[in-house]
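2 protein chains.
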Amino acid sequence: MRNRIIHTISFAVSLCSILLFISCASSHIDPLPSWNEGRAKQAILQFVRDTTDSSSPKFVRPEQRIAAFDQDGTTWVEQPIYTQVVFALDQVKTAAEKDPKLAGAEPFKTVLLGDREAIAKLTLPDLEKILMVTHTGMTVEQFQATAKDWLAAAKHSRFNRPYTELVYQPMLEVMNLLRANGYKTYFVTGGGQDFVRAYSEKVYGIPVNQVVGSAVETKYGYAPDGKGILTKEPKVMLIDDKTGKPEGIHMVIGQRPIVAFGNSDGDQQMLEYTEGGDGPRMMLLVHHDDAVREYAYGPESKIGTFSDALMAEGKQRGWVVVSMKDDWKRIFAFDK
Amino acid sequence: MRNRIIHTISFAVSLCSILLFISCASSHIDPLPSWNEGRAKQAILQFVRDTTDSSSPKFVRPEQRIAAFDQDGTTWVEQPIYTQVVFALDQVKTAAEKDPKLAGAEPFKTVLLGDREAIAKLTLPDLEKILMVTHTGMTVEQFQATAKDWLAAAKHSRFNRPYTELVYQPMLEVMNLLRANGYKTYFVTGGGQDFVRAYSEKVYGIPVNQVVGSAVETKYGYAPDGKGILTKEPKVMLIDDKTGKPEGIHMVIGQRPIVAFGNSDGDQQMLEYTEGGDGPRMMLLVHHDDAVREYAYGPESKIGTFSDALMAEGKQRGWVVVSMKDDWKRIFAFDK
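Chains B and W, in that order, give the protein sequences. Counted the way my numbering counts, the first sequence spans residues 71 to 406. Counted the way my numbering counts, the second sequence spans residues 71 to 406.
Printed below as a string of structure tokens:
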């Protein structure tokens with residue numbers, strides 16, 4: 071009997087050794103294979119190691135591990151025009167079918183005529199009118215169903231692929247790495263909260279309750295069958311951009327993130343707010359400098375403006391500036 | 071060698087059997103020991119079983135397992151006056167020290183004089199003034215620190231215990247049961263979101279990012295040291311009560327809960343909204359009918375009004391009405 075126990079223990083120890091070996095070997099698999107070696111990649115890996123190693127002075131308790139990601143331009147393509155704006159322009163037709171008066175009124179008339187040059191010249195107030203007409207007056211469920219249908223069919227003008235494929239593979243890897251290390255990943259987007267919720271789980275693994283975004287008010291009421299419903303109202307509740315980002319973070323997350331990724335002036339305050347808390351922090355800016363594989367733009371761009379002032383602030387504060395050209399081995403999952 | 075392997079396997083199988091036995095035995099431990107046997111307890115246990123058993127037609131995928139809890143009167147004592155209002159009244163003194171003009175102005179003068187009868191007669195607009203003065207003009211962190219300090223010292227007038235001990239033990243058990251079964255538990259409270267966040271994790275195991283509540287706007291700015299801060303502004307963003315509850319749910323959670331617990335007319339729309347989705351749903355109302363151990367109140371109460379209309383709606387729709395007197399074996403953790 072004693073022998074048997076010894077044998078059993080020895081067998082168990084061997085088994086444990088094998089498992090330990092597999093576990094160690096697997097930890098040598100690069101969690102960021104689409105990143106080139108360099109300062110940005112090292113900064114991310116080091117930060118995750120430091121904040122999750124309980125013997126490190128930089129250890130952060132799991133409930134504080136909150137990472138905030140901007141969406142447009144940080145985790146997917148935002149050029150030459152925000153995806154959601156393309157969606158809104160496409161939805162004008164549907165809106166005009168419901169309300170024929172729209173067809174004769176500007177800016178809807180211009181959109182319906184399909185004159186690209188005239189559409190490109192639409193002003194911000196024009197755009198707001200279009201967003202209100204196409205994003206309100208339906209239940210939240212109806213809106214999301216419409217967004218899902220559109221995303222399943224629409225394709226990007228340059229890449230000729232669904233928008234949901236124009237996702238930055240290196241950023242998906244960062245999200246997965248963070249989640250595997252006990253981080254909660256949130257979107258904090260200037261885009262519409264309900265629009266992003268239509269695909270955030272499927273495309274990024276971010277559940278609907280971890281999406282902070284621009285939002286209109288909703289109104290509670292009853293469907294004809296008596297069921298409680300929420301209708302999207304043409305009244306802005308939150309513009310989740312610039313100073314609105316920390317405000318949205320407080321409303322939905324209720325604590326400062328310790329990691330924040332952005333790519334434009336709209337993310338400045340979110341990064342500052344993230345930096346302003348105690349303990350270890352990591353702030354990163356994605357810089358679009360790869361016209362060949364994606365786009366190159368900066369201070370001059372109306373979409374995703376990355377001003378010289380933001381670049382200077384980032385450098386002065388020690389934020390990580392990610393060069394898409396130099397730091398990313400591949401940009402999309404479909405890149406070779 | 072062959073024998074040794076057989077011995078090892080047989081030993082391993084025995085070990086597994088023992089572990090399995092322990093596991094099965096532990097599943098016979100009552101997860102709701104503070105509940106008396108009855109319809110309410112059975113309804114909760116049955117619902118959790120049905121929605122988590124993958125072979126049940128009522129199975130619900132984990133990402134849909136969202137449970138919403140009202141706070142005041144549903145998970146802790148709300149009589150004879152909301153805890154947060156007691157806090158606000160106590161904070162008037164601090165506010166008057168900062169701004170001495172307040173001491174001479176109503177309704178602050180009445181509060182500072184401490185005349186209970188006069189305080190009880192304060193109107194809703196008076197109360198709003200008091201809430202604004204005591205809940206805004208500081209950073210979100212300063213406010214939470216103040217709330218935590220107050221909660222650590224303040225005691226309930228009848229029970230002479232900290233408010234954070236006046237928590238309903240049966241509800242803690244339900245929250246734990248749900249979480250152990252893959253549910254995310256949220257507060258959806260008419261109380262202040264930032265106030266409840268000050269203790270939700272410690273007292274209920276609900277993290278700050280799972281608290282929906284009434285909220286004022288916040289304003290982004292900079293502390294003297296240049297750090298980004300958010301200041302609470304005297305402008306209401308959301309009154310998370312009645313129709314505001316589904317609206318707050320949509321803003322923060324982004325999906326319909328499938329379980330909702332309330333105790334008053336303020337929860338009606340939240341329960342209806344929860345009921346309005348597809349698939350299995352469970353709606354419950356806590357009825358305060360135990361004047362001996364807690365309080366008995368209903369349609370006549372200004373705090374936690376439970377109208378006859380709500381009772382009729384609940385019965386007609388098959389909502390579970392929990393009698394504190396009959397369904398709860400004990401109310402507080404300190405009850406014998």
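Every residue, glycine too, gets a C-beta built ideally from N, C-alpha and C. The structure presented is a predicted model; accordingly, all values stated were derived computationally and were not measured.
Against chain W, with Cβ distances strictly below 9 Å, would H320/B count as a contact? With 9 Å as the cut-off, H320/B counts as an interface residue toward chain W.
Is any beta-carbon of chain B found at less than 9 Å from that of K385/W? No, its Cβ sits nowhere closer than 9 Å to a Cβ of chain B.
Just mark G296/W as buried or exposed, buried being the case when its beta carbon has 16 or more other beta carbons within 10 Å. Its Cβ having fewer than 16 others within 10 Å, G296/W is exposed.
Is the CB-CB distance between P103/B and E243/B below 9 Å? Yes, the Cβ-Cβ distance between P103/B and E243/B is below 9 Å.
How would you list, in chain order, the residues of chain W whose beta-carbon sits under 7 Å from the beta-carbon of V281/B? Simply G324.
DSSP three-state label for W182/B, please. Looking at the sequence shown, residue 182/B is not Trp but Leu. In the structure shown, L182/B sits in a helix (DSSP, three-state: H, G or I).
E303/B, DSSP secondary structure in three states: DSSP places E303/B in strand when its eight states are reduced to three.
Please check if any C-beta of chain B sits within less than 9 Å of the C-beta of K218/W. Chain B, which has no Cβ nearer than 9 Å to the Cβ of K218/W, makes this no.
Could you pull out every residue in the same chain whose Cβ sits closer than 7 Å to the Cβ of G298/W, ignoring the five residues on either side in sequence? Once the five neighbours on either side are set aside, the close Cβ partners of G298/W are Y290 and Y292.
With 8 Å as the C-beta to C-beta threshold (strictly closer), list the residues of the region 349-367 of chain W near chain D in chain order. Absent here is chain D; the protein component of the structure consists of chains B and W.
Less than 9 Å between CB atoms is the rule here; does A137/B satisfy it with respect to chain W? Output row for A137/B: interface = no.
Could you tell me which chain B residues have their CB closer than 9 Å to the CB of Y290/W, listed as they occur along the chain? Those within 9 Å of Y290/W in chain B are K312, T313, G314, K315, P316, E317, Q339, E342 and Y343.
Could you name the residues of the same chain whose beta carbon sits closer than 8 Å to that of N106/W, not counting the 5 residues immediately before and after it, in chain order? For N106/W, where only same-chain residues beyond five positions count, the Cβ hits under 8 Å are D396, D397, W398 and K399.
Enumerate, from N- to C-terminal direction, the unbroken beta strand (DSSP E) stretches of 3 or more residues contained entirely within the region 264-336 of chain B. 281-292, 298-308 and 329-332, all fully within the region 264-336 of chain B.
If Q214/W and A268/W are in contact, beta carbons under 8 Å, what's the gap, nearest whole angstrom? Contact annotation, Q214/W with A268/W: C-beta distance approximately 5 Å; criterion of less than 8 Å satisfied.
Looking at chain B, is there any beta carbon in it that lies within less than 9 Å of the beta carbon of V390/W? No, its Cβ sits nowhere closer than 9 Å to a Cβ of chain B.
Integer-rounded CB distance, given that T145/B should sit under 8 Å from V237/B: Contact annotation, V237/B with T145/B: C-beta distance approximately 6 Å; criterion of less than 8 Å satisfied.
Going along the region 140-171 of chain W in order, which residues come within less than 7 Å of chain B, judged by CB to CB distance? Going along the region 140-171 of chain W in chain order, one finds no residue with a Cβ nearer than 7 Å to chain B.
Taking the beta carbon of I99/B as the centre, do at least 16 other beta carbons fall within 10 Å, making it buried, or is it exposed? Exposed, because fewer than 16 other Cβ atoms sit within 10 Å of the Cβ of I99/B.
Across which residues does DSSP place V118/B in a beta bridge pair? Paired residues: none, contrary to the question.
Would you say R267/W lies against chain B (beta-carbon separation less than 9 Å)? Yes, R267/W lies at the interface with chain B (some Cβ there is under 9 Å from its Cβ).
Cβ closer than 8 Å: which chain B residues qualify as neighbours of G346/W? Ordered by position in chain B, the residues that pass the 8 Å Cβ test against G346/W are A293, K297, G298 and I299.
For A138/W versus Y256/W, is the C-beta distance shorter than 9 Å? The answer is yes: Cβ separation under 9 Å.
Between the alpha carbons of A222/B and I200/W, how many angstroms are there, rounded? C-alpha separation (whole angstroms): 51 Å.
Does DSSP classify I136/B as helix, strand or coil? Correct three-state label for I136/B: strand.
May I ask you to report which of helix, strand or coil DSSP gives M208/B? If DSSP states are grouped into helix, strand and coil, M208/B belongs with coil.
Return no unless some Cβ of chain W is closer than 9 Å to the Cβ of V130/B. At least 9 Å separates the CB of V130/B from every CB of chain W.
Taking L236/B as part of the alpha helix (DSSP H), name the residues at either end of that continuous run. Where L236/B is concerned, there is no enclosing alpha helix (DSSP H), given that its DSSP letter is neither H nor E.
Helix, strand or coil at A366/B [DSSP, three-state]: Here DSSP, grouped into helix, strand and coil, assigns A366/B to strand.
For T407/W, write down the residues that DSSP places opposite it in a beta bridge. Missing from the structure shown is residue 407/W; chain W here goes from 71 to 406 and no further.
Chain B within 9 Å of A95/W, Cβ atoms only: Annotation note: pLDDT 49 at A95/W (below 50); position unreliable, no value reported.
Here's the rule I'm using: 16 or more other beta-carbon atoms within 10 Å means buried, otherwise exposed. How should V181/B be labelled? If you draw a 10 Å sphere on the C-beta of V181/B, you find 16 or more other C-beta atoms in it, and that means buried.
Using a Cβ cut-off of 9 Å (strictly closer), state whether K305/B contacts chain W. For K305/B, the answer is no, since every Cβ of chain W falls outside 9 Å of its Cβ.
Could you tell me whether the Cβ atoms of T288/W and V210/W are closer together than 9 Å? The answer is yes: Cβ separation under 9 Å.
Using CA atoms only, rank isn't needed, just tell me which of G108/B, E271/B and P232/B is closest to M245/B. The residue with the shortest Cα to Cα distance from M245/B is E271/B.
Could you give the residue range of the beta strand (DSSP E) that holds V391/W? Following the DSSP letters along the chain, one finds V391/W inside the beta strand (DSSP E) bounded by residues V390 to S393.
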